[in-house]
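Some notes on the structure that comes next.
Number of protein chains: 2
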Amino acid sequence: MAKKNKVEAITPMNEDFARWYTDVILKTEMVDYAPVKGFMVIRPYGYALWENIQSIFDKKFKETNHENMYFPLLIPESFLNKEKEHVEGFAPEVAWVTKGGENELSEKLCIRPTSETIICSMYAKWLKSYRQLPFLYNQWANVVRWEKTTRPFLRTSEFLWQEGHTVHETFDEAQEETMQMIEIYREVCEDYLAMPVIVGQKSENEKFAGAYATYTIEALMHDGQALQSGTSHNLSDHFAKAFGIKFLNKEEKEQYAYSTSWGVSTRLIGGIIMTHGDDNGLVLPPKIAPTQVVIIPIAQHKDGVLKKANEIKDKLKENVRIILDDNESYSTGWKFNQWEMKGVPIRLEIGPKDIENNQCVLARRDTGEKISISLDEVEAKVNELLDEIQQNIYNKALKHREEKTSVARDMNEFISNQEKSMGFVKAMWCGCEECEKKIKEMTGASLRCIPFEQEKISDTCVCCGEKADKMAYFARAY
Amino acid sequence: MAKKNKVEAITPMNEDFARWYTDVILKTEMVDYAPVKGFMVIRPYGYALWENIQSIFDKKFKETNHENMYFPLLIPESFLNKEKEHVEGFAPEVAWVTKGGENELSEKLCIRPTSETIICSMYAKWLKSYRQLPFLYNQWANVVRWEKTTRPFLRTSEFLWQEGHTVHETFDEAQEETMQMIEIYREVCEDYLAMPVIVGQKSENEKFAGAYATYTIEALMHDGQALQSGTSHNLSDHFAKAFGIKFLNKEEKEQYAYSTSWGVSTRLIGGIIMTHGDDNGLVLPPKIAPTQVVIIPIAQHKDGVLKKANEIKDKLKENVRIILDDNESYSTGWKFNQWEMKGVPIRLEIGPKDIENNQCVLARRDTGEKISISLDEVEAKVNELLDEIQQNIYNKALKHREEKTSVARDMNEFISNQEKSMGFVKAMWCGCEECEKKIKEMTGASLRCIPFEQEKISDTCVCCGEKADKMAYFARAY
Numbered sequence: 004m005a006k007k008n009k010v011e012a013i014t015p016m017n018e019d020f021a022r023w024y025t026d027v028i029l030k031t032e033m034v035d036y037a038p039v040k041g042f043m044v045i046r047p048y049g050y051a052l053w054e055n056i057q058s059i060f061d062k063k064f065k066e067t068n069h070e071n072m073y074f075p076l077l078i079p080e081s082f083l084n085k086e087k088e089h090v091e092g093f094a095p096e097v098a099w100v101t102k103g104g105e106n107e108l109s110e111k112l113c114i115r116p117t118s119e120t121i122i123c124s125m126y127a128k129w130l131k132s133y134r135q136l137p138f139l140y141n142q143w144a145n146v147v148r149w150e151k152t153t154r155p156f157l158r159t160s161e162f163l164w165q166e167g168h169t170v171h172e173t174f175d176e177a178q179e180e181t182m183q184m185i186e187i188y189r190e191v192c193e194d195y196l197a198m199p200v201i202v203g204q205k206s207e208n209e210k211f212a213g214a215y216a217t218y219t220i221e222a223l224m225h226d227g228q229a230l231q232s233g234t235s236h237n238l239s240d241h242f243a244k245a246f247g248i249k250f251l252n253k254e255e256k257e258q259y260a261y262s263t264s265w266g267v268s269t270r271l272i273g274g275i276i277m278t279h280g281d282d283n284g285l286v287l288p289p290k291i292a293p294t295q296v297v298i299i300p301i302a303q304h305k306d307g308v309l310k311k312a313n314e315i316k317d318k319l320k321e322n323v324r325i326i327l328d329d330n331e332s333y334s335t336g337w338k339f340n341q342w343e344m345k346g347v348p349i350r351l352e353i354g355p356k357d358i359e360n361n362q363c364v365l366a367r368r369d370t371g372e373k374i375s376i377s378l379d380e381v382e383a384k385v386n387e388l389l390d391e392i393q394q395n396i397y398n399k400a401l402k403h404r405e406e407k408t409s410v411a412r413d414m415n416e417f418i419s420n421q422e423k424s425m426g427f428v429k430a431m432w433c434g435c436e437e438c439e440k441k442i443k444e445m446t447g448a449s450l451r452c453i454p455f456e457q458e459k460i461s462d463t464c465v466c467c468g469e470k471a472d473k474m475a476y477f478a479r480a481y
Numbered sequence: 004m005a006k007k008n009k010v011e012a013i014t015p016m017n018e019d020f021a022r023w024y025t026d027v028i029l030k031t032e033m034v035d036y037a038p039v040k041g042f043m044v045i046r047p048y049g050y051a052l053w054e055n056i057q058s059i060f061d062k063k064f065k066e067t068n069h070e071n072m073y074f075p076l077l078i079p080e081s082f083l084n085k086e087k088e089h090v091e092g093f094a095p096e097v098a099w100v101t102k103g104g105e106n107e108l109s110e111k112l113c114i115r116p117t118s119e120t121i122i123c124s125m126y127a128k129w130l131k132s133y134r135q136l137p138f139l140y141n142q143w144a145n146v147v148r149w150e151k152t153t154r155p156f157l158r159t160s161e162f163l164w165q166e167g168h169t170v171h172e173t174f175d176e177a178q179e180e181t182m183q184m185i186e187i188y189r190e191v192c193e194d195y196l197a198m199p200v201i202v203g204q205k206s207e208n209e210k211f212a213g214a215y216a217t218y219t220i221e222a223l224m225h226d227g228q229a230l231q232s233g234t235s236h237n238l239s240d241h242f243a244k245a246f247g248i249k250f251l252n253k254e255e256k257e258q259y260a261y262s263t264s265w266g267v268s269t270r271l272i273g274g275i276i277m278t279h280g281d282d283n284g285l286v287l288p289p290k291i292a293p294t295q296v297v298i299i300p301i302a303q304h305k306d307g308v309l310k311k312a313n314e315i316k317d318k319l320k321e322n323v324r325i326i327l328d329d330n331e332s333y334s335t336g337w338k339f340n341q342w343e344m345k346g347v348p349i350r351l352e353i354g355p356k357d358i359e360n361n362q363c364v365l366a367r368r369d370t371g372e373k374i375s376i377s378l379d380e381v382e383a384k385v386n387e388l389l390d391e392i393q394q395n396i397y398n399k400a401l402k403h404r405e406e407k408t409s410v411a412r413d414m415n416e417f418i419s420n421q422e423k424s425m426g427f428v429k430a431m432w433c434g435c436e437e438c439e440k441k442i443k444e445m446t447g448a449s450l451r452c453i454p455f456e457q458e459k460i461s462d463t464c465v466c467c468g469e470k471a472d473k474m475a476y477f478a479r480a481y
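Chains as they are written, first to last, in our numbering: chain A, 4 to 481; chain B, 4 to 481.
What follows is the structure, encoded as structure tokens:
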């Protein structure tokens, strides 16, 4: 018999992963379904996580000299049509505004699915001389993509994101920027969200509509499916040509500029949940958890307990995001389960006996382990433990990914690997779209990326058997 | 002859205030016109100011126990129709989405002009018991209102704002919240944006569509027109009844809840510009200026100048938002004018002679005054001066408002006051809508608010001459 869940309401992962996910996000009050199908309401607990993620990225962007700005929500249809590949990629999934106030609009407007077109139209107006370059700008915004199948955070008709849009003098500088940003994405995902990622290039088939090249970070979820977690695009001069972004270069000649774009979104929240969560609910990385420590007083009606609990809170609150749950309406056991479900990294228990012994108990969310510590060293121990939990859940996720990553030399091996366990399959690929599509048809796995860190699995393509010198990661994906 | 502008391109205020405003916002690169009429692009310099304003408000909201969340952009038409006054107020100015992807929608969706309706529909779902109350939530978001006449920041078809939406057990608690928030708005406007405001209640005619009572802060711009700068609404149980926000109260009886909403927007940026700006451009309050100090090296090619300038920058950058403009392409004079136009509170000049004397020069943006200070006391002096400038521009704005505020006992006096100078007119009002409308027709001035701080001007209504015991502020307004 399976171990009984502490929180009855959550479906065990192994029984039904999709239902587990839905239970967790709804019961922890991270999100709710909106009245309009495919849209979500991000509730305070989910939004607080997003604010913490945002502030880390925002700091990194500013450290690399990017500035924020804000472009309009609505884009004229004619703008979308200017870059051929781009419109083909996005037109089928945009929401159209056709009426403003009482009047039909003469040209319909789309709600931005991404902002390259409107931003490039302004860049074309602003840019005159190489002296102004580079343009290093970003915006935090909402976008709408009319999706057929949606799931909160992972794929929704509206989501929140940041989109960086930069302009450069040369192709090489645009490429450097593209690589810098995918590296920042990797760093934040691994060092703050504790989500190990594979960094690599998308195939022609999977790249951003209108890009020269797309780079991606790919994470592996608990169920063995991949999650594209951030992308960075070298747009070369494609959008510059479509929108006329030109400047006088150092030789006083007019030339087209080179641009990039890059983005991460509220999808990352889904990634965190499906990377670290367990049958008792969320497990949040300490560096971004809205609450890092919850103090739960034991027998709080007894003399001195709440006083001591408050003292500890006051001592820690300067450097730790801490809550004291002194609600009298709920039992201690209920509180334990509730905060465990919410994924708070450390529960600090303090009761009359602890106080007598000048100690308290720290319970780790990641391992369930409990330790008693002296109240004299509570600050140092809590901070140590937060670091340890951050590192441990990263290691655990990495181990999980490694266990779920296999190697295939031919399609039989590919399929038998998948039958044993879902996950990443590393295989050689000849580079042709036909093989990529055939693999998808046969296995459901798409080409996630050609990783920067290459290995030689064999000499021949896993699909067609022709000579191949590129190794790729394949997986079913969200 | 009028004093010649230092920055030739800006139209003098007295010549044409509207053109002055447009020149300032465009030339300082705060904003640009978007391709869609009525929309704006907020450029990095404008957005950085908004970020500073946001972070002050966000901190105050969190200190008063509000949490952020995020609700969908699109609202079903049927929701808008639920509160009768609300739909009458907003329906004429919303943008409608009628098509998603390739398909016509069965019910058209409006882009939020404000989010009471969609938020209340979710609150009705979430709220069960008094134990959950109060709901103290806020969102930072974009909204769309299809305006006919627009001006960047002041009135645009899309703007950025925060909207707080709270729910309470009793009318009194809702009223307390409404008053708390208008007080926070007053405090931030006066203490951070250096914009003195009149705090008071809107008339029935001017209140928010669907509210029980609306409170407002009203600022006076340099041209003598008022700017409504923030509003806080006690919605009583109006929206609760329309959306079914009910709960079991302490007596275990089902009752309707009481709600509030309150908001400030990017309009505040327009207010800052028109309160403090002068013929040379922006004058930014030190507390929110993106750059508080610009160092301009004099004869920067000379030995040691840039080294010393960098030393000063490094010494100050911990606590001051500081830039060193060492661009070689522009003359010192051009830089002076440019940064003056951008409203940077302090210009720090340092040249070979200054270095010899172990000193530098601080030039104030607000007064133009220059002082020499010893390099040993640069930190202390800069911080002192920033405080002084903050206080001085507040005092200046307050003095300006006082000079432009007059008293009227009858309509002749009202009109003659206005002929002398635009500004606030304080007058007694009987409370009837007819007089309010007649005053507007005769003078162009609307009833801005019934201020909390009442004075007795006379015993009778300025318009009809009947008995009146309320004093109101009237003004033409943006």
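Glycine included, C-beta positions come from ideal geometry on N, C-alpha and C.
Using a CB distance below 7 angstroms, the part of the stretch 60-78 of chain A facing chain B consists of Glu70, Asn71, Met72, Tyr73, Phe74, Pro75, Leu76, Leu77, ordered along the chain. By the neighbour-count criterion, in which 16 or more other beta carbons inside 10 Å mark a residue as buried, threonine 152/B falls on the exposed side. Shortest Cα-Cα distance from leucine 327/B to any of Glu70/B, Gln341/B, Leu351/B involves Leu351/B.
Here phenylalanine 82/A carries a helix assignment [DSSP, helix/strand/coil]. For tyrosine 397/A, the closest Cβ of chain B is not nearer than 8 angstroms.
Residue pairing by DSSP places cysteine 452/A opposite Tyr476/A in a beta bridge. Distance from the CA atom of alanine 471/A to the CA atom of lysine 459/A, rounded to whole angstroms, is 10 angstroms.
Shown here for asparagine 420/A: same chain residues with a beta carbon closer than 7 angstroms to its own, the five before and five after excluded, namely Ser409, Ala411, Val428 in chain order. In the same chain as isoleucine 28/A, and ignoring 5 residues on each side of it, the C-beta atoms closer than 6 angstroms to its own belong to Val34, Pro155, in chain order. Measuring C-alpha to C-alpha distances from aspartate 462/B to each of Leu450/B, Glu456/B, Met431/B identifies Met431/B as the nearest. Not one beta carbon of chain B lies nearer than 8 angstroms to the beta carbon of phenylalanine 246/A. Beta-bridge annotation (DSSP): asparagine 71/B is paired with Asn141/B. Under DSSP, the beta-bridge partners assigned to serine 132/B are Leu251/B. Assigned with DSSP and collapsed to three states, methionine 445/B falls in helix.
The beta carbon of alanine 292/B sits closer than 6 angstroms to the beta carbons of Pro348 from its chain, once the five residues preceding and following it are set aside; these are given in chain order. Inter-residue distance for valine 286/A and tyrosine 397/A is about 11 angstroms (C-alpha atoms, whole angstroms).
The continuous beta strand (DSSP E) containing alanine 222/B extends over residues 216-223. For the stretch 8-40 of chain B, the residues whose beta carbon sits under 7 angstroms from a beta carbon of chain A are, in order, Asp35, Ala37, Pro38, Val39. Residue contact check for glycine 103/A against chain B: a CB pair falls below 8 angstroms.
Between the alpha carbons of glutamine 183/A and proline 75/B lies a distance of about 32 angstroms. For the 8 angstroms CB-CB criterion, phenylalanine 162/B and serine 268/B form a contact. At a cut-off of 8 angstroms between C-beta atoms, serine 118/B does not count as an interface residue with respect to chain A. Taking the CA atoms as reference points, valine 465/B sits about 19 angstroms from glycine 203/B.
Not one beta carbon of chain A lies nearer than 8 angstroms to the beta carbon of serine 235/B. Any Cβ of chain B closer than 8 angstroms to the Cβ of tryptophan 265/A would place that residue at the interface, and such an atom is absent. Counted as a single uninterrupted DSSP element, the beta strand (DSSP E) harbouring cysteine 363/B occupies residues 362-367.
About 13 angstroms separates the beta carbons of isoleucine 114/A and alanine 94/A, which is beyond the 8 angstroms limit, so they are not a contact pair. Of the candidates Ile325/A, Glu406/A, Ala260/A, Lys305/A, Ala260/A places its Cα closest to the Cα of histidine 171/A. Residues Asp26, Lys30 of the same chain have their beta carbon placed closer than 7 angstroms to that of alanine 12/A, with the five preceding and five following residues left out of the count. Beta-bridge partners assigned by DSSP to lysine 356/B: none are found. Counting C-beta atoms within 10 angstroms of its own C-beta, lysine 290/A has 16 or more neighbours from the protein chains shown and is therefore classed as buried. Residue state for lysine 62/B is assigned as helix, using DSSP reduced to three classes. Residue-level contact by beta carbon holds for tryptophan 99/B and chain A, with a gap shorter than 8 angstroms. Under the three-state reduction of DSSP output, threonine 120/B falls in the helix class. By the neighbour-count criterion, in which 16 or more other beta carbons inside 10 Å mark a residue as buried, threonine 67/B falls on the exposed side. Counting along the chain, glutamate 343/B sits inside the alpha helix (DSSP H) bounded by residues 335-344.
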